[in-house]
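One structure below.
Numbering (this note's numbering), first residue to last: 18 to 198.
The following block contains the structure:
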C-alpha cells in the first residue's frame, strides 16, 4: 500500500514538473534538482517492488537533468570526455540491491545500463559480493547442512540454499557445484 502511494506521488511529481516546464520559464537549477530527486525515487520504488522500471523513465529524467543543469560544475562533469553521459545510480539503492543478493545483471537491466557499469559503481562505493557471505568454515557448514538433511532428508540444493538463508548462512553459489549443499 505504501509502495502504491509512493508510485502515485512519483507520477504526480513528474506531471507537476512537466507542467512547470511547459508553463514558461522555469528555474533551471530547480528543474534539474527535482529531476535528480525523481530518479532516486524511481530507484527506490524499483528496489522496494523488486520490479524492473522501464529504463526510458530514467533516461528521460536524466535528459531533463542534462538540459536544465545550469551550473558550470555540473556541465563540466558531463563534458569530461568522449562517450555517453555518466549514469549516476544512487548508492543507497545499489547497496540495497547488492545486499539483497540481486545479481549485477538484474540490477543493470533495472537501470537500463550494462553489467560493467553496475560493477564499476559497486567498486566506486566499495560494495563487494563477497561481503554478503557468512564467515563459516567448511566444518561448520558441513555440520549445518547435515543437521538440515536430518530434518529434511529429501532436500535438494535449491531448498538447502533456502534453509541456509533462513538461518542467516550465506554461501557462494560455487558450493552448489562442489556438492557441499
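A virtual CB, placed ideally from N, CA and C, is assigned to each residue, including glycine.
Model, not experiment: these values are computed from the prediction.
Buried versus exposed, by CB contacts within 10 Å (16 or more), residue i
i           : result
residue 35  : exposed
residue 109 : exposed
residue 49  : buried
residue 68  : exposed
residue 114 : buried
residue 32  : exposed
residue 93  : Bear in mind that the predicted position of residue 93 carries a pLDDT of just 48, short of 50, making it unreliable; the figure below should be weighed with that in mind. Exposed: under 16 other Cβ atoms inside 10 Å.
residue 163 : exposed
residue 86  : buried
Own chain residues within Cβ distance below 7 Å of residue i, not counting five before or after
i           : result
residue 149 : 116, 118 and 187
residue 165 : 172, 177 and 180
residue 65  : 20
residue 127 : 63, 69 and 70
residue 122 : 132
residue 38  : 48
residue 24  : 62
For residue i, the nearest candidate out of the options (CA to CA)
i           : options              : result
residue 62  : 28, 174, 159 and 80  : 28
residue 112 : 32, 136, 184 and 130 : 136
residue 47  : 84, 59, 125 and 19   : 84
residue 144 : 131, 107 and 44      : 107
residue 130 : 39, 71 and 163       : 71
residue 30  : 55, 38 and 22        : 55
residue 185 : 147, 151 and 175     : 151
residue 190 : 146, 75, 58 and 161  : 146
residue 139 : 76, 120, 26 and 22   : 120
residue 154 : 76, 22 and 192       : 192
Same chain, Cβ closer than 6 Å to residue i, neighbours up to 5 away in sequence not counted
i          : result
residue 91 : Residue placement at residue 91 is flagged as unreliable, the pLDDT there being 46, under the threshold of 50; the coordinate-derived value follows with that caveat. Excluding sequence neighbours, residue 91 sits near nothing in its chain.
residue 51 : 34
residue 81 : 52
residue 57 : 107
residue 78 : 52, 55 and 56
Where the alpha helix (DSSP H) through residue i begins and ends
i           : result
residue 135 : 132-141
residue 75  : 72-85
residue 40  : 19-40
residue 52  : 45-66
residue 171 : Here residue 171 belongs to no alpha helix (DSSP H), and DSSP marks it neither H nor E.
residue 115 : 108-116
residue 186 : Segment: none, residue 186 is in no alpha helix (DSSP H) and carries neither H nor E.
Own chain partners of residue i with C-beta closer than 8 Å, once the 5 adjacent residues on each side are dropped
i           : result
residue 182 : none
residue 168 : none
residue 74  : 59
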